[in-house]
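S.K.: Pasting a structure below so you can have a look.
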Amino acid sequence: MAEKIETAGVGYWLDTRDLPGGGDIRTEISRGVNDCQEVLILFSPYSKDSPWVSFEIGAASIKNRYLTPILNNVQYTDVALIQGIKAIELNDFDQYLVELKKRAAKAAGKKRGASKAAAKKKSTARKRSARQRA
Amino acid sequence: MAYTIFISSDSRDKDLARDLSKRLEKAGVSVTTSASKVDNPRDDKSRIENLRKADEVIFLLTSKSVRDEKILFDLGIATSLEKRLAPIIQGVKPKDLPDIIKGLEYIKYEDLERYISRLRRRVDEALKALAKAQPKSGESSKSAA
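Protein chains in written order, with my numbering: chain A, 1 to 134; chain B, 1001 to 1145.
So, in structure tokens, the structure goes:
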């Protein structure tokens, strides 16, 4: 999943890869969630009852992160905390990537628009002060 | 503004949560709890609002609730909000705590008075800091003049 996200041109923070040794895991995960725009949670028979998963859903919810549960051999109705959120089957992960690319492009467009507007504002202010000096 | 503690607990431990709540209120703090009729805590706006407003968050963990997903959800929120976290355990052996709790400084229910006496000190300090931050009466009108 992480490789596919990267190939789609989106950066990622992966709990099992990016947790620094010696740090407080709870704080680091909460920072990781804070630094991202979206959170993917993989539910498998091994992870669906993991305390960390409930913790991560809480951290993502309070920061209003776009949360997508990915289901691998887990029934949607078996996970109470994700009821009401659109989940995706692991087999349909490519469908998520198509949507992710659209959201990333939109966010990049907004960012470009914001920096263009800031540059225009700066240039207008410069011209005005040059006119005043003249 | 009163010093506030949020208690996150399982509904099956409501009697214990009520006892805890009474003892904390006796110590002079305001208490809010996770008790709610809303099934999914993500949809429970007052729970989330109370967590936001709390100065400290207590996680009441018993043999029934030690892996309760709603309590762990609250732990994720409280950690993100950088709240002071206080797991209180009753009837659970420390070795049976999940890793996510093990790293935290937990309190045994039988040692609750020790936690409350430290809490009283924190409340006093918070009140002193608040009094220091507020202008003395008449000060604002003087400076306005």
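Think of the CB as a built atom: it goes at the ideal place given N, C-alpha and C, for glycine as much as any other residue.
CB-CB under 6 Å to D1068/B, same chain, minus the five flanking residues each way: which ones, in chain order?
M.R.: Mapped onto the second sequence, residue 1068/B falls at position 68. The residues are D1010.
S.K.: To the nearest angstrom, report how far apart S1143/B and V1031/B are at their CA atoms.
M.R.: Taking the first residue of the second sequence as position 1, residue 1143/B is located at position 143. Taking the first residue of the second sequence as position 1, residue 1031/B is located at position 31. Note that S1143/B scores 48 on pLDDT, short of 50, meaning its location in the model is unreliable; the coordinates nonetheless yield the value given after this. Near 38 Å, if we compare the C-alpha coordinates of V1031/B and S1143/B.
S.K.: Show which residues of chain A have a CB atom less than 7 Å away from the CB atom of L1075/B.
M.R.: The sequence position of residue 1075/B within the second sequence is 75, counting from 1. The answer, in chain order, is F55, G58.
S.K.: For a contact defined as C-beta to C-beta under 8 Å, what are the partners of N1050/B on chain A?
M.R.: Start at 1 with the first residue of the second sequence, and residue 1050/B comes out as number 50. In chain order: nothing, as chain A lies at least about 12 Å away.
S.K.: Applying the 10 Å Cβ sphere with the 16-neighbour rule, what's the burial state of T16/A?
M.R.: Residue numbering aside, residue 16/A sits at position 16 when the first sequence is read from its first letter. Label assigned to T16/A: exposed.
S.K.: Does DSSP put Q1134/B in a helix, in a strand, or in coil?
M.R.: Stepping through the second sequence from its first residue, residue 1134/B is reached at position 134. In this structure, Q1134/B counts as coil in the three-state DSSP scheme.
S.K.: Which residues bound the beta strand (DSSP E) around T77/A?
M.R.: Counted from its first residue, the first sequence places residue 77/A at position 77. From DSSP, T77/A is part of no beta strand (DSSP E); its letter is neither H nor E.
S.K.: Alpha carbon to alpha carbon, how far is G1076/B from F55/A? Give it in angstroms, no decimals.
M.R.: Mapped onto the first sequence, residue 55/A falls at position 55. Mapped onto the second sequence, residue 1076/B falls at position 76. Answer to the nearest angstrom: the Cα atoms are 4 Å apart.
S.K.: Taking only beta carbons into account, state which residues of the region 79–111 of chain A come closer than 7 Å to chain B, listed in chain order.
M.R.: Listed in sequence order: A80, L81, Q83, G84.
S.K.: Who pairs with R1084/B in a beta bridge, going by DSSP?
M.R.: For the purposes of this step, residue 1084/B is taken as the residue at position 84 of the second sequence. Partner(s): E1056/B.
S.K.: Between S1008/B and chain A, is the shortest Cβ-Cβ distance under 8 Å, so that the two count as touching?
M.R.: In the second sequence, counting from the first residue as 1, residue 1008/B sits at position 8. Answer no: the Cβ-Cβ gap between S1008/B and chain A never drops below 8 Å.
S.K.: If you run the structure through DSSP and keep just helix, strand and coil, what is Q1090/B?
M.R.: Mapped onto the second sequence, residue 1090/B falls at position 90. DSSP places Q1090/B in strand when its eight states are reduced to three.
S.K.: Buried or exposed: where does A1145/B fall if 16 or more other Cβ atoms within 10 Å of its Cβ makes it buried?
M.R.: Taking the first residue of the second sequence as 1, we reach residue 1145/B at position 145. No answer about A1145/B holds up, because its pLDDT of 42 lies below 50 and its placement is not dependable.
S.K.: Going along the chain, which residues of its own chain have a beta-carbon closer than 6 Å to the beta-carbon of K1070/B, five neighbours each way excluded?
M.R.: Taking the second sequence and counting its residues from 1, one reaches residue 1070/B at position 70. Result list for K1070/B: P1041, in chain order.
S.K.: Which residues share a DSSP beta bridge with I1107/B?
M.R.: Here residue 1107/B refers to the residue found at position 107 of the second sequence. I1088/B, per the DSSP bridge assignment.
S.K.: Could you give the residue range of the beta strand (DSSP E) that holds S1008/B?
M.R.: Here the question's residue 1008/B lines up with position 8 in the second sequence. From DSSP, the beta strand (DSSP E) with S1008/B extends over 1004–1008.
S.K.: Would you say S1141/B reaches chain A, if we count a Cβ-Cβ gap shorter than 8 Å as a contact?
M.R.: Against the second sequence, residue 1141/B aligns to sequence position 141. Its pLDDT being 49, under 50, S1141/B is placed unreliably by the model, and the measurement read from it follows with that caveat. Not closer than 8 Å to any Cβ of chain A, the Cβ of S1141/B fails to qualify, so no.
S.K.: Does any CB atom of chain A fall closer than 8 Å to the CB of S1065/B?
M.R.: Numbered from its first residue, the second sequence carries residue 1065/B at position 65. By this cut-off, S1065/B is not an interface position.
S.K.: Let me know if S1117/B comes out buried or exposed under the rule of 16 or more other beta-carbons within 10 Å of its beta-carbon.
M.R.: Mapped onto the second sequence, residue 1117/B falls at position 117. Its Cβ having fewer than 16 others within 10 Å, S1117/B is exposed.
S.K.: For the pair the region 41–51 of chain A and the region 69–89 of chain A, tell me if three or more CB-CB distances fall below 8 Å.
M.R.: A contact exists between the region 41–51 of chain A and the region 69–89 of chain A.
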